[in-house]
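Enquirer: Numbered by my numbering, the letters in the sequence shown go through residues 685 to 771 in order.
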Amino acid sequence: MHITTNWSATATANTTRAPTPESTRIRSEVDAARNTALSALTNDRFRAMLEQISDPGTSGALMTMGSDSQKVVDFNTALSRYAESSE
Numbered sequence: 685m686h687i688t689t690n691w692s693a694t695a696t697a698n699t700t701r702a703p704t705p706e707s708t709r710i711r712s713e714v715d716a717a718r719n720t721a722l723s724a725l726t727n728d729r730f731r732a733m734l735e736q737i738s739d740p741g742t743s744g745a746l747m748t749m750g751s752d753s754q755k756v757v758d759f760n761t762a763l764s765r766y767a768e769s770s771e
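Structure representation (structure tokens):
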């Protein structure tokens, strides 16, 4: 997978004024979101998961899965299992 960006986050409005604290905060949040998205897209585990769930057969199976009250896992157990599997 190759990601190409052709834009710049520089201001296109009147650049003679100093940026307001609000515009600085928004720009910072946009940059953080962009960096997070790029990081996710270059992560092999995330890419593999995305390919798997975008497969029509797999996504259909996921949609028809019902919840079984006997197999509910609490958040801490799920987090622990995820940490174990990522090592």
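Virtual Cβ for every residue (Gly too), placed ideally from N, Cα, C.
On the premise that Ala724 lies in contact with Phe730, defined as a C-beta separation below 8 Å, what is that separation, rounded to the nearest angstrom?
Expert: With a beta-carbon spacing of about 5 Å, Phe730 and Ala724 fall inside the 8 Å limit used to define contacts.
Enquirer: What is the rounded straight-line gap between the Cα of Ala717 and the Cα of Ile737?
Expert: 22 Å
Enquirer: Would you mind reading off the limits of the alpha helix (DSSP H) that contains Pro705?
Expert: 705 to 726
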